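Peer 1: Sequential numbering from 8 applies to the sequence shown in the numbering used here.
Just so it is clear, CB atoms sit at the ideal spot from N, CA and C, and this is done for glycine as well.
Nothing here was measured: the structure is a model prediction, and the numbers come from that model.
Questions regarding the structure given below will be posed in turn.
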Amino acid sequence: MPRPKKAMPAYRFHISGQAVVTLGGKDFYLGPHDSPESRVKYLTLVGEYQRNGLRAPDQPTHQMDLAITVSGVTTEFRATKLKSFDRNPAHKCRFENLCKLLDDEYGDTPAKDFGPRKLADLRELLVVDGNCRKYVNSQIRFIVRIFKHALSRELIEPGQLVALESLESLKKGEAKDNPPRKPASLELIHKTLPHLCDDSAAMVRIQLATGCRPSELFTLTPAEVDQSGEVWMIRKTSHKTAHHGKQKVIPIVGDARDAIAPFLLGPENEVCFTNASGTPWNRNTYRRRITRQCETLKIDRWTPYQIRHLVGQSVRDKLSAEHVQAILGHSRISMVETYSRASEHKAVEAAIAIQAAK
Numbered sequence: 008m009p010r011p012k013k014a015m016p017a018y019r020f021h022i023s024g025q026a027v028v029t030l031g032g033k034d035f036y037l038g039p040h041d042s043p044e045s046r047v048k049y050l051t052l053v054g055e056y057q058r059n060g061l062r063a064p065d066q067p068t069h070q071m072d073l074a075i076t077v078s079g080v081t082t083e084f085r086a087t088k089l090k091s092f093d094r095n096p097a098h099k100c101r102f103e104n105l106c107k108l109l110d111d112e113y114g115d116t117p118a119k120d121f122g123p124r125k126l127a128d129l130r131e132l133l134v135v136d137g138n139c140r141k142y143v144n145s146q147i148r149f150i151v152r153i154f155k156h157a158l159s160r161e162l163i164e165p166g167q168l169v170a171l172e173s174l175e176s177l178k179k180g181e182a183k184d185n186p187p188r189k190p191a192s193l194e195l196i197h198k199t200l201p202h203l204c205d206d207s208a209a210m211v212r213i214q215l216a217t218g219c220r221p222s223e224l225f226t227l228t229p230a231e232v233d234q235s236g237e238v239w240m241i242r243k244t245s246h247k248t249a250h251h252g253k254q255k256v257i258p259i260v261g262d263a264r265d266a267i268a269p270f271l272l273g274p275e276n277e278v279c280f281t282n283a284s285g286t287p288w289n290r291n292t293y294r295r296r297i298t299r300q301c302e303t304l305k306i307d308r309w310t311p312y313q314i315r316h317l318v319g320q321s322v323r324d325k326l327s328a329e330h331v332q333a334i335l336g337h338s339r340i341s342m343v344e345t346y347s348r349a350s351e352h353k354a355v356e357a358a359i360a361i362q363a364a365k
């Protein structure tokens with residue numbers, strides 16, 4: 008009986024000093040052992056081997072002199088960076104889709120040849136597909152982040168990243184613009200709430216009382232809720248601006264406290280809110296639950312992200328722009344510790360003001 012093939016053959020040292028991998032009975036020599044280039048070529052070849060049903064890739068067996076391709080860049084990103092977005096499913100999915108787009112359009116292109124012009128061509132594809140200007144600009148920034156990671160892995164030269172970053176964002180008129188998002192109607196929210204399931208209703212109530220991002224609730228665990236003080240605080244360990252060194256603090260007062268309390272009884276490190284299938288909510292399942300209920304009730308549709316705008320508008324009308332900044336978490340990267348304490352105090356004031364307005 009033949010020995011079964013390994014789905015992930017070993018990356019090995021060859022006596023010549025090169026790295027080698029055996030795929031489908033063929034030895035592929037990858038370049039100097041343990042070099043960044045050889046690691047990427049290993050991952051790229053193994054990926055092709057797996058997609059081919061464990062058949063040897065139709066590639067040269069001596070890879071040392073072959074340039075790193077765009078597919079090599081995306082392969083390295085998937086292998087070494089993508090996992091860091093496990094607690095941010097939306098970003099993870101976005102990077103996965105952009106890696107696939109790069110593979111489909113420029114996979115065989117040497118990575119060093121992927122410059123601003125090719126990036127602009129890729130952007131034009133996104134515009135032609137009917138995407139709005141803000142979304143297209145955001146996608147391009149994410150693609151540049153993929154190449155920034157490649158630089159950190161010594162796969163491209165610093166000058167290439169500078170060149171990619173030189174591509175200016177689309178300006179008004181160069182792609183369609185969606186109308187600004189409007190705040191949700193408080194009346195519509197109150198009409199919908201009694202008809203939502205326990206989890207989604209609780210998340211809406213917490214959002215309405217705090218202005219937090221829906222994504223901050225999807226990953227929330229009991230361990231992140233500090234119940235030691237008079238005012239409970241959500242202290243997120245992972246959030247949108249964590250990479251700037253900022254801590255996100257969300258005060259839990261009034262109705263938000265009543266809404267969240269029943270969901271803090273589970274294991275400390277398991278998410279508080281799950282849907283009927285037992286999986287965490289995401290932006291799509293949460294939005295659909297609300298909009299479908301609106302359709303059933305035959306009222307105007309609203310979405311979870313409009314609640315944040317409603318809260319911001321309410322706090323701005325009653326207090327100040329600083330309070331809006333504090334409760335919505337729009338603090339600047341240059342904040343110092345004293346400002347963070349002041350921000351936390353303003354966030355509590357804003358949360359109390361929201362309760363008074365309801």
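Where Lys125 and Pro96 are concerned, what is the direct C-alpha to C-alpha distance, given to the nearest angstrom?
Peer 2: Each residue's Cα considered, the two are about 28 angstroms apart.
Peer 1: For Ser341, is the classification buried or exposed, using 16 other Cβ atoms within 10 angstroms of its Cβ as the cut-off for buried?
Peer 2: Note that Ser341 has pLDDT 34, beneath the 50 cutoff, so the model's placement of it is unreliable and the number below is only indicative. Ser341 comes out exposed.
Peer 1: Cutting at 7 angstroms between CB atoms, please list the residues of its own chain near Gly24, excluding the five before and the five after it.
Peer 2: Cβ within range, chain order: Pro39, His40.
Peer 1: Should Glu131 go down as buried or exposed, given a rule of 16 or more other Cβ atoms within 10 Å for buried?
Peer 2: The residue is exposed, with fewer than 16 neighbouring Cβ atoms inside 10 Å.
Peer 1: For the putative contact between Asn282 and Asp206, defined by C-beta atoms under 8 angstroms, what is the C-beta separation to the nearest angstrom?
Peer 2: Yes, they are in contact, since the Cβ atoms of Asn282 and Asp206 sit about 7 angstroms apart, within 8 angstroms.
Peer 1: Please report the straight-line C-alpha distance between Pro117 and Thr76, rounded to a whole angstrom.
Peer 2: Each residue's Cα considered, the two are about 4 angstroms apart.
Peer 1: Assign Ala14 to one of two classes, buried (16 or more other C-beta atoms within 10 Å of its C-beta) or exposed (fewer than that).
Peer 2: So Ala14 counts as exposed.
Peer 1: Give me the DSSP bridge partner(s) of Phe280.
Peer 2: Phe280 pairs with nothing; no bridge assigned.
Peer 1: Please state if the CB of Gly31 and the CB of Ala63 are separated by a distance shorter than 8 angstroms.
Peer 2: Cβ atoms of Ala63 and Gly31: closer than 8 angstroms.
Peer 1: With a threshold of 8 angstroms on Cβ separation, who are the neighbours of Gln234 within its own chain once the five nearest residues in sequence on each side are excluded?
Peer 2: Same-chain partners within the cutoff: Leu271.
Peer 1: Quick one: what does DSSP say Thr310 is sitting in, helix, strand or coil?
Peer 2: Reduced to three states, the DSSP call for Thr310 is coil.
Peer 1: Under 8 angstroms between the Cβ atoms of Thr226 and Ala263?
Peer 2: Their beta carbons are not under 8 angstroms apart, which means Thr226 does not touch Ala263 by this criterion.
Peer 1: How is the alpha helix (DSSP H) around Met15 delimited, first residue to last?
Peer 2: Counting along the chain, Met15 falls outside any alpha helix (DSSP H), and DSSP gives it neither H nor E.
Peer 1: Tell whether a beta-carbon distance below 8 angstroms holds between Pro190 and Gln320.
Peer 2: Against a cut-off of 8 angstroms, the Cβ pair of Gln320 and Pro190 comes out as a contact.
Peer 1: Less than 7 angstroms between C-beta atoms, sequence neighbours within five positions excluded: which residues of the same chain meet that for Leu52?
Peer 2: Answer for Leu52: Val28, Leu30, Phe35, Pro64, Gln66, listed in chain order.
Peer 1: Report yes if the C-beta distance between Pro287 and Gln214 is below 8 angstroms; otherwise report no.
Peer 2: Not a contact, by the Cβ cut-off of 8 angstroms.
Peer 1: Entirely within the stretch 67-145 and at least 4 residues each: give me those alpha helix (DSSP H) ranges in chain order.
Peer 2: Taking only runs of at least 4 residues, the alpha helix (DSSP H) segments lying wholly in the stretch 67-145 are 77-87, 96-113, 123-135.
Peer 1: If contacts are defined as beta-carbon pairs under 8 angstroms, then Leu371 and Ala26 qualify, I think. What distance do you get, rounded to the angstrom?
Peer 2: What is shown of the chain runs 8 to 365, which leaves residue 371 out entirely.
Peer 1: Mind checking whether Ala208 and Leu200 have CB atoms under 8 angstroms apart?
Peer 2: Yes.
Peer 1: Going by CA-CA distance only, name the one from Gly180, Ala182, Val238, Asp110 that's closest to Ile150.
Peer 2: Checked all of Gly180, Ala182, Val238, Asp110; the closest Cα to Ile150 is Asp110.
Peer 1: If you run the structure through DSSP and keep just helix, strand and coil, what is Leu37?
Peer 2: Leu37 falls in the strand class under three-state DSSP.
Peer 1: Measuring alpha carbon to alpha carbon, tell me which of Ala74, Pro186, Lys255, Arg212 ends up nearest Gly261.
Peer 2: Here the closest residue by C-alpha is Arg212.
Peer 1: Would you kindly check if the distance between the Cβ of Gln146 and the Cβ of Leu133 is under 8 angstroms?
Peer 2: Yes, they are a contact pair.
Peer 1: So, is Leu304 buried or exposed, given that buried needs 16 or more other C-beta atoms within 10 angstroms?
Peer 2: So Leu304 counts as exposed.
Peer 1: I'd like the span of the alpha helix (DSSP H) that includes Lys198, first residue to last.
Peer 2: First-last of the alpha helix (DSSP H) with Lys198: 193-199.
Peer 1: What separation, rounded to the nearest whole angstrom, lies between the Cα atoms of Lys178 and Asn291?
Peer 2: Whole-angstrom Cα-Cα distance: 29 angstroms.
Peer 1: I need the straight-line Cα distance from Phe84 to Ser78, nearest angstrom please.
Peer 2: If I take the Cα positions, the gap works out to 10 angstroms.
Peer 1: Buried or exposed: where does His202 fall if 16 or more other Cβ atoms within 10 Å of its Cβ makes it buried?
Peer 2: Looking at its Cβ environment, which holds fewer than 16 other Cβ atoms inside 10 Å, His202 is exposed.
Peer 1: With a CB to CB cut of under 7 angstroms and the five nearest residues on each side skipped, what residues in its chain are close to Tyr18?
Peer 2: Cβ neighbours of Tyr18 beyond the five flanking positions: Ala26, Val28, Tyr49.
Peer 1: Give every residue of the same chain whose Cβ lies closer than 6 angstroms to the Cβ of Arg46, excluding the five residues on either side of it in the sequence, and list them in chain order.
Peer 2: The answer is none, since no qualifying residue turns up.
Peer 1: For Val211, write down the residues that DSSP places opposite it in a beta bridge.
Peer 2: Bridge partners of Val211: none, in fact.
Peer 1: Rounded to the nearest angstrom, how far is the Cβ of Ile267 from that of Ile259, given a contact under 8 angstroms?
Peer 2: Confirmed, about 6 angstroms.
Peer 1: Please classify Ile153: does DSSP put it in a helix, a strand, or coil?
Peer 2: Reduced to three states, the DSSP call for Ile153 is helix.
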